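Undergrad: Got a structure here, written out as structure tokens. Questions coming.
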Amino acid sequence: MKILVSACLLGENCKYNGKNNFKQLIVDLASKFELVPICPESFGGLSIPRLPSEIANDKVINASDIDVTFEFNNGAYKALQIALDKQVKYAILKEKSPSCGVHYIYDGTFTGQLIPGQGITTRLLEANGIKCFADTEIDKLLKELA
Ligand code: SF4
């Protein structure tokens, strides 16, 4: 079984601030599953580090008010292509990210306010039948795969 994973959760320094979101419990999944790392924002051509971005009115805007929707969509489609090529049916993704968020994203005001919603890549993956779990839902994913 293959699982698509936000690369930052595996320790890759691809986060906007050049750091990562390493989670040992997610790395440990590699003992049972083939993990397929993706970083849509890197795939979309954004630099590391980069300014943080948020979704506002169906666009993605960075902290300097520059529209980065094209880069986010580009990266999402590249992540989807990898999933389709490798026939991956499940993903575990970094909650709250404007690309990878599964249940929550920031509200577009850069004030730290969360709202229910999904990142650009999560939306595309789910629209194509890939079931997405947040990084806080490892147990739920394992139950689904049992
Ligand atoms: S785009 Fe996804 S994988 Fe890349 S740094 Fe952001 S949350 Fe992590």
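Under this note's numbering, read the sequence shown as residues 44 to 189, first letter to last. All C-beta atoms in this analysis are idealised placements derived from N, C-alpha and C, irrespective of residue type, glycine included. If you're wondering where the values come from, they're calculated on a predicted model, not measured in any experiment.
1. Below 8 Å, how does it come out for the segment 148 to 159 and the segment 122 to 130: are there three or more Cβ pairs, yes or no?
2. Per the DSSP calculation, residue 177 is bridged to which residue(s)?
3. I'd like to know whether the C-beta atoms of residue 47 and residue 69 end up nearer to each other than 7 Å.
4. Can you round the beta-carbon distance between residue 175 and residue 167 to whole angstroms, since I take them to be within the 8 Å contact cut?
5. The ligand SF4 and residue 50: does any heavy atom of the ligand fall closer than 6 Å to the residue's C-beta?
6. Bridge partners for residue 72 per DSSP, in chain order?
7. Does DSSP put residue 85 in a helix, a strand or coil?
8. Can you tell me whether residue 58 sits near the ligand SF4, meaning its C-beta is under 6 Å from at least one heavy atom of the ligand?
9. What residue does the alpha helix (DSSP H) around residue 169 start on, and which one ends it?
10. Let me know the secondary structure DSSP gives residue 183 once reduced to three states.
11. Whose C-alpha, out of 91, 88, 93, 109, is nearest the C-alpha of residue 99?
12. Return the first residue and the last residue of the beta strand (DSSP E) that residue 147 is part of.
13. Taking the alpha-carbon positions, what's the residue 97 to residue 186 distance?
14. Roughly how many angstroms separate the alpha carbons of residue 135 and residue 106, rounded to a whole number?
TA: In brief:
1. no
2. 136
3. no
4. Their Cβ separation, rounded to whole angstroms, is 10 Å, which puts residue 175 and residue 167 out of contact at 8 Å.
5. yes
6. None, per the DSSP bridge assignment.
7. helix
8. yes
9. 163 to 170
10. helix
11. 109
12. 147 to 149
13. 32 Å
14. 26 Å
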